[in-house]
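J.:
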Amino acid sequence: MSSSEQAFHEQAGTVAEAFVAARREKRALTAYPGEAPADLAAAYHIQDLAIGIDGRPVAGWKVGRINPPLDERLGADRLAGPIFADSVVTAALGETPEMPVFAQGFAAGEAEFLLHVAAGWDGVVPQDDADTRKVLDAVHIGIEVASSPYPGINADGPPVTVSDFGNNAGMVVGPVLQGWESADFNAISVRFEIDGVEIASATTATMLDGPLGAVRFLLANLSSRGIDCSGDTWVSTGAVTGVHPVVPGQTVLAHFEGHGSIGCKIAAAVPA
2 MSSSEQAFHE QAGTVAEAFV AARREKRALT AYPGEAPADL AAAYHIQDLA
52 IGIDGRPVAG WKVGRINPPL DERLGADRLA GPIFADSVVT AALGETPEMP
102 VFAQGFAAGE AEFLLHVAAG WDGVVPQDDA DTRKVLDAVH IGIEVASSPY
152 PGINADGPPV TVSDFGNNAG MVVGPVLQGW ESADFNAISV RFEIDGVEIA
202 SATTATMLDG PLGAVRFLLA NLSSRGIDCS GDTWVSTGAV TGVHPVVPGQ
252 TVLAHFEGHG SIGCKIAAAV PA
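Quick note on this note's numbering: the sequence shown kicks off at 2 and runs consecutively.
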C-alpha cells in the first residue's frame with residue numbers, strides 16, 4: 002500500500018469510527034467528522050469500514066435515489082446503506098411501534114415497499130423484472146426510518162449520505178403485500194401522513210425502474226463491493242412519497258391503497 006493509499010484508508014477509518022461512536026452514544030455531530038468523501042467509491046469505503054467497526058449483523062439494505070445532475074457526475078442514480086438487524090421491527094396489525102432517531106441530527110420517515118431476497122441467491126444479478134421476482138420470497142409494505150447524528154447528512158450530497166450507513170436508522174415491516182408475485186407496484190397509490198395530516202401521495206411510477214429495479218441495483222452494488230448476499234436479506238427499495246422530516250413525538254403513517262397501512266411513533270434515541 003502506497004503512502005497516499007495508507008493516508009486515504011486512515012482518513013476513512015477516522016470518519017467511520019466517529020460515526021459509529023456517535024451512533025452508539027446516541028449523540029449528534031455538529032460537523033462532518035473529517036474530510037467528506039468526494040465520490041461514491043470513497044463513501045462506500047467509509048461505509049464498509051464502519052460496518053466492520055459496528056459489528057452488528059446486517060438484516061437488509063436501504064436503497065435511495067441520487068437525483069440529477071449528481072447522478073451523472075457520480076455515475077449512479079441510486080445509493081445503498083445497511084439496515085442492522087436490531088433496528089428492524091415487525092409490527093403486528095394495528096401496532097404502532099416506537100422508533101428512535103437522533104433528535105439533534107437528521108430524522109425522516111419514508112413509505113417504502115420492502116422486498117425480501119430469499120436465501121440461496123446464486124450471485125447472478127437479474128436483468129429484468131420477471132427474473133428479479135424469482136429471487137424474492139416476500140414483499141411487505143413498510144417504513145424506513147432515516148436518521149443520522151450529522152444534521153447535514155443529506156444536504157451535503159450523496160457521498161456524505163452513503164458514508165453514514167446511507168442515513169438509515171431502522172425499518173418497520175408491515176403486512177405482506179398480497180399477490181406480490183404479479184403485483185403492479187405502479188398501480189398502488191401510497192399516502193404518507195404525519196400526526197394525521199396527509200403530507201404527500203405518489204406511486205412508484207416516479208421511481209426510476211421501481212422497487213424491482215432497486216433490488217437489481219442493490220445486488221450489483223453488493224457484489225461489486227465483495228459483500229456476500231447469498232443469505233436472505235431485506236431491501237427497502239426507496240421512498241415512494243418522498244423523504245419527510247420528523248421530530249420525536251410525532252406519529253407517521255404510510256397507507257398503501259388496497260393493501261393496508263403501517264405506522265410508527267418517532268422517539269428520541271437515548272443512551273442505554
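Where a beta carbon is used, it is the ideal one built from N, C-alpha and C, also for glycine. Only a predicted model underlies this, so the values are computations on that prediction, with no experimental measurement involved.
1. So what does DSSP say about Leu80, is it helix, strand or coil?
2. If I measure Cβ to Cβ from Val90 and keep anything under 8 Å in the same chain, skipping five residues before and after, which residues do I get?
3. Relative to the C-alpha of Ser224, which candidate in Ala51, Pro127, Val161 has its C-alpha closest?
4. Using the C-alpha atoms, what's the distance from Ala17 back to Thr133?
5. Under 8 Å by Cβ, that's how I've got Ile195 and Val247 pegged, so tell me the actual separation to the nearest angstrom.
6. In this structure, how does DSSP classify Asp138 when only helix, strand and coil are distinguished?
7. Would you kindly report the start and end of the unbroken beta strand (DSSP E) that includes Leu116?
8. Would DSSP call Val59 helix, strand or coil?
9. Counting only runs that start and end within the segment 188-273, where is the alpha helix (DSSP H) found for 4 or more residues in a row?
10. Per DSSP, what kind of secondary structure is Thr162 in: helix, strand or coil?
11. Taking C-alpha atoms, which residue in Ala42, Glu145, Thr238, Trp122 lies nearest to Asp138?
12. Thinking just about the alpha-carbon of each residue, which of Ala120, Ile84, Asn155, Ala131 is nearest to the one in Ala109?
13. Hey, would you say Ala81 sits closer than 8 Å to Val64, going by beta carbons?
14. For Val274, does the three-state DSSP call read helix, strand or coil?
15. Checking 8 Å against the spacing of the C-beta atoms, do Phe107 and Pro69 come in under that value?
16. Is it right to say Gln7 is buried, meaning 16 or more other beta carbons lie within 10 angstroms of its own, or is it exposed?
17. Identify, in the order they occur along the chain, each residue of the same chain with its Cβ nearer than 6 Å to the Cβ of Thr15, setting aside the five sequence neighbours on each side.
18. Quick check: what's the CA-CA separation for Ala270 versus Phe20?
19. Check Glu73 in the structure and name its three-state DSSP category.
20. Would you report the Cα separation of Ser190 and Glu199, rounded to the nearest angstrom?
21. Which two residues bound the contiguous beta strand (DSSP E) that contains Ala170?
22. Taking three-plus beta-carbon pairs below 8 Å as touching, is the segment 38-48 in contact with the segment 157-167?
23. What is the DSSP secondary structure of Ala147, counted as helix, strand or coil?
24. Just mark Ser183 as buried or exposed, buried being the case when its beta carbon has 16 or more other beta carbons within 10 Å.
25. Does the distance from the C-beta atom of Ala39 to that of Pro160 stay below 8 Å?
26. Any idea what DSSP makes of Thr133, helix, strand or coil?
27. Use the C-beta contact count for Ser237: other C-beta atoms within 10 angstroms, 16 or more gives buried, fewer gives exposed.
28. Provide the residue(s) that pair with Thr91 in DSSP beta bridges, ordered along the chain.
T.: A quick look at the data gives this:
1. To locate residue 80, count along the sequence shown from 1; it is residue 79. DSSP places Leu80 in strand when its eight states are reduced to three.
2. For the purposes of this step, residue 90 is taken as the residue at position 89 of the sequence shown. Contacts found: Pro98, Met100, Gly171, Met172, Val173, Val174, Cys265.
3. As a working mapping, residue 224 is identified with position 223 in the sequence shown. Here the closest residue by C-alpha is Pro127.
4. In the sequence shown, counting from the first residue as 1, residue 133 sits at position 132. In the sequence shown, counting from the first residue as 1, residue 17 sits at position 16. When rounded, the separation of the alpha-carbon atoms in Thr133 and Ala17 is 33 Å.
5. Residue mapping note: residue 195 aligns to position 194 of the sequence shown, counting from 1. Residue mapping note: residue 247 aligns to position 246 of the sequence shown, counting from 1. Contact holds; Cβ gap of about 6 Å.
6. Stepping through the sequence shown from its first residue, residue 138 is reached at position 137. Asp138 falls in the strand class under three-state DSSP.
7. Translated into positions along the sequence shown, residue 116 becomes position 115. Looking at the DSSP string, the run of the beta strand (DSSP E) that includes Leu116 is 107-118.
8. Residue 59 sits at position 58 when you count from the first residue of the sequence shown. Secondary structure of Val59 (DSSP, three-state): strand.
9. Taken in chain order, the complete alpha helix (DSSP H) segments of 4 residues or longer contained in the segment 188-273 are 211-225.
10. As a position in the sequence shown, residue 162 is number 161, starting the count at 1. Three-state result, Thr162: helix.
11. Taking the sequence shown and counting its residues from 1, one reaches residue 138 at position 137. The shortest C-alpha separation from Asp138 is found at Trp122.
12. The residue given as residue 109 occupies position 108 in the sequence shown. When only C-alpha atoms are compared, the closest one is Asn155.
13. Numbered from its first residue, the sequence shown carries residue 81 at position 80. Numbered from its first residue, the sequence shown carries residue 64 at position 63. In this structure, Ala81 places its C-beta atom within 8 Å of the C-beta atom of Val64.
14. Given a span of 2 to 273 for the chain in the structure shown, any question on residue 274 remains unanswerable.
15. In the sequence shown, the residue the question calls residue 107 occupies position 106. In the sequence shown, the residue the question calls residue 69 occupies position 68. Their beta carbons are not under 8 Å apart, which means Phe107 does not touch Pro69 by this criterion.
16. On the sequence shown, residue 7 is found 6 positions in, with the first residue counted as 1. Looking at its Cβ environment, which holds fewer than 16 other Cβ atoms inside 10 Å, Gln7 is exposed.
17. Numbered from 1 along the sequence shown, position 14 holds the residue referred to as residue 15. If we look at Thr15 and ignore the five residues flanking it on each side, its Cβ neighbours are Gly35.
18. Numbered from 1 along the sequence shown, position 269 holds the residue referred to as residue 270. Numbered from 1 along the sequence shown, position 19 holds the residue referred to as residue 20. Rounded to the nearest angstrom, the two C-alpha atoms are 15 Å apart.
19. The count along the sequence shown starts at 1 and reaches residue 73 at position 72. Glu73 falls in the helix class under three-state DSSP.
20. For the purposes of this step, residue 190 is taken as the residue at position 189 of the sequence shown. For the purposes of this step, residue 199 is taken as the residue at position 198 of the sequence shown. Each residue's Cα considered, the two are about 13 Å apart.
21. Here the question's residue 170 lines up with position 169 in the sequence shown. Counted as a single uninterrupted DSSP element, the beta strand (DSSP E) harbouring Ala170 occupies residues 169-177.
22. Contact holds between the segment 38-48 and the segment 157-167, because three or more Cβ pairs, one in each stretch, are under 8 Å apart.
23. Here residue 147 refers to the residue found at position 146 when the sequence shown is read from its first residue. Secondary structure at Ala147: strand, using DSSP grouped into helix, strand and coil.
24. Locating residue 183 in the sequence shown gives position 182, counting from the first residue. That one is exposed.
25. Within the sequence shown, residue 39 is the residue found at index 38, counting from 1. Within the sequence shown, residue 160 is the residue found at index 159, counting from 1. Yes. Within cutoff.
26. For the purposes of this step, residue 133 is identified with residue 132 of the sequence shown, where counting begins at 1. The answer is helix: DSSP assigns Thr133 an H, G or I state.
27. Here residue 237 refers to the residue found at position 236 of the sequence shown. With a threshold of 16 other beta carbon atoms within 10 Å, Ser237 meets it and is buried.
28. One-based indexing of the sequence shown puts residue 91 at position 90. Bridge partners of Thr91: Val174.
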